[in-house]
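Remarks on the structure that follows.
Given below as structure tokens:
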């Protein structure tokens, strides 16, 4: 395993202090250190977290913590690292590198070698709220006592009690999980390397196959006084567009297409996905603009329908809006035609994307 970081994690703002001494592999990343702190202190991973080193922050809503290791961020004894858990209660921790030592044989890491006092419960209000709840539990009456009892889950909370055996049992399960994840990652990398080697061998075989082709019987025999023609014989190659056989050139490199039309058709087929995608985007913008215009026309139509109360005699009657309605109807007809044309263009673009490339 190499080296191990011996860390002292202290919960800030709580007196007497709550702390743990943990031994974590130097290759562990910050997200793995987060799991160790959660298990060792007794948190339940219900909230966001953040690591801080100078002006750099890693974790939730900050830089990626999965690629930063302890050896890279805090490589020496005496280095410090900040850790915040629960952005509401603001549980801040001080992480100090006490020393860096070699991994012991037949020892699973991470593990806990010391500590003191119990971790506060989740959602207990931070250091100030925790102290207030502790006073309420000692007072044993009032609504604050009932709130503290519901948060702590008991009326006999012992802030000095913690069990190193239980902590190491949980850390042992975490070490097994890390080992399984590392084995899976190594297996995946091994399979990827094998696949890459097979692909390189396949490409090399495809590149050297034309050079190893045997001469055809139709080749004339070379005369004793003339240099033999060592150019590779023609091999049947088909045009990918029209499937027409293409004769292999004397250089050993067959032409990709049978002629300029097929080459242009293949070029258009390669460009078609990008062009149709941009065309579809423009059509969507046109449809959105047309829809906005329809909504505007509907608002204008509603505004062009003034009514007047007939003095209580019968229903309200529209007045003076016939010309406006005729004009709006003409605009709406033209707009409907534009929307229909855009929809047809969009369908044609979709059909172009789904159709196979042809010559």
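Residue numbers (my numbering): 658 to 1016.
We put the beta carbon where it would ideally sit given N, CA and C, even for glycine.
Legend entry - Coil, strand or helix - residue 1018 by DSSP: Residue coverage of the chain in this structure runs from 658 to 1016, which leaves residue 1018 outside it and unanswerable.
Inset, instruction - Determine, using beta carbons only, whether residue 703 and residue 779 come nearer to each other than 7 Å. - result: Translated into positions along the chain shown, residue 703 becomes position 46. Translated into positions along the chain shown, residue 779 becomes position 122. The answer is yes: Cβ separation under 7 Å.
Legend entry - In DSSP terms, what residue 706 is bridged to: Within the chain shown, numbered from 1, the residue matching residue 706 stands at position 49. 742.
Legend entry - Sequence-distant residues of its chain with Cβ nearer than 6 Å to residue 670 (five each side left out): As a working mapping, residue 670 is identified with position 13 in the chain shown. Only 784 meet the Cβ criterion.
Legend entry - Reference residue 763, options 851, 1003, 832 and 990, closest by Cα: Your numbering for residue 763 matches position 106 in the chain shown. Residue 832 is the option with its Cα nearest to residue 763.
Legend entry - Simplified DSSP assignment, three categories, for residue 694: Here residue 694 corresponds to residue number 37 of the chain shown, with the count starting at 1. DSSP places residue 694 in the helix class (H, G or I) of the three-state scheme.
Inset, instruction - Would you list, in sequence order, the uninterrupted beta strand (DSSP E) runs of no fewer than 3 residues that lie entirely inside the stretch 766 to 817? - result: 768 to 773
Inset, instruction - Would you check if the stretch 730 to 743 and the stretch 786 to 794 touch, i.e. whether three or more CB-CB distances between them fall below 8 Å? - result: no
Inset, instruction - For my contact list, residue 689 and residue 755 are in at a C-beta cut-off of 8 Å; report their separation, rounded to the angstrom. - result: Counting from 1 along the chain shown, the entry for residue 689 is found at position 32. Counting from 1 along the chain shown, the entry for residue 755 is found at position 98. Wrong, their Cβ atoms sit about 19 Å apart, outside the cutoff.
Inset, instruction - Taking residue 677 as the reference, give the member of 793, 753, 1004 and 953 with the closest Cα. - result: Against the chain shown, residue 677 aligns to sequence position 20. Nearest of 793, 753, 1004 and 953 to residue 677, Cα basis: 753.
Legend entry - Under 7 Å between C-beta atoms of residue 898 and residue 919: Start at 1 with the first residue of the chain shown, and residue 898 comes out as number 241. Start at 1 with the first residue of the chain shown, and residue 919 comes out as number 262. Going by C-beta atoms, residue 898 is nearer than 7 Å to residue 919.
Inset, instruction - Determine which residues share a DSSP beta bridge with residue 679 and list them. - result: As a working mapping, residue 679 is identified with position 22 in the chain shown. DSSP, once it has assigned bridges, lists 664 and 769 as partnering residue 679.
Legend entry - Nearest candidate by alpha-carbon position, reference residue 816, set 1004, 858 and 795: Working through the chain shown from its first residue, we reach residue 816 at position 159. It is 795.
Legend entry - Alpha-carbon spacing of residue 773 relative to residue 819, whole angstroms: To locate residue 773, count along the chain shown from 1; it is residue 116. To locate residue 819, count along the chain shown from 1; it is residue 162. If I take the Cα positions, the gap works out to 7 Å.
Inset, instruction - Following the continuous beta strand (DSSP E) through residue 628, name the residue where it begins and the one where it ends. - result: No information on residue 628 is available, as it lies outside the stretch 658 to 1016 that the chain covers here.
Inset, instruction - Take residue 802 and list the residues in its own chain whose beta-carbon comes closer than 8 Å to its own, dropping the five residues that flank it on each side. - result: Sequence index remark: in the chain shown, residue 802 carries index 145 (1-based). These residues qualify, in order along the chain: 793, 794 and 796.
Legend entry - Contacting residues, own chain, Cβ-Cβ under 8 Å from residue 721 (five flanking each side not counted): On the chain shown, residue 721 is found 64 positions in, with the first residue counted as 1. Contacts found: 715.
Inset, instruction - Check residue 1001 in the structure and name its three-state DSSP category. - result: Residue mapping note: residue 1001 aligns to position 344 of the chain shown, counting from 1. In the structure shown, residue 1001 sits in a helix (DSSP, three-state: H, G or I).
Inset, instruction - Whole angstroms is fine: what's the gap from residue 987's alpha carbon to residue 935's? - result: By one-based count along the chain shown, residue 987 stands at place 330. By one-based count along the chain shown, residue 935 stands at place 278. Residue 987 and residue 935: Cα-Cα distance of roughly 31 Å.
Inset, instruction - Tell whether a beta-carbon distance below 7 Å holds between residue 666 and residue 750. - result: Within the chain shown, the letter at position 9 stands for residue 666. Within the chain shown, the letter at position 93 stands for residue 750. Yes, they are a contact pair.
Legend entry - Under the three-state DSSP convention, the category residue 754 falls into: The sequence position of residue 754 within the chain shown is 97, counting from 1. Residue state, collapsed to three classes: strand.
Inset, instruction - Would you kindly check if the distance between the Cβ of residue 661 and the Cβ of residue 760 is under 7 Å? - result: Residue mapping note: residue 760 aligns to position 103 of the chain shown, counting from 1. Residue mapping note: residue 661 aligns to position 4 of the chain shown, counting from 1. Contact: yes.
Inset, instruction - Would you grab the beta carbon distance between residue 769 and residue 698 for me? Rounded to a whole angstrom, and I think it's under 8 Å. - result: Stepping through the chain shown from its first residue, residue 769 is reached at position 112. Stepping through the chain shown from its first residue, residue 698 is reached at position 41. The Cβ separation is near 10 Å, so there is no contact.
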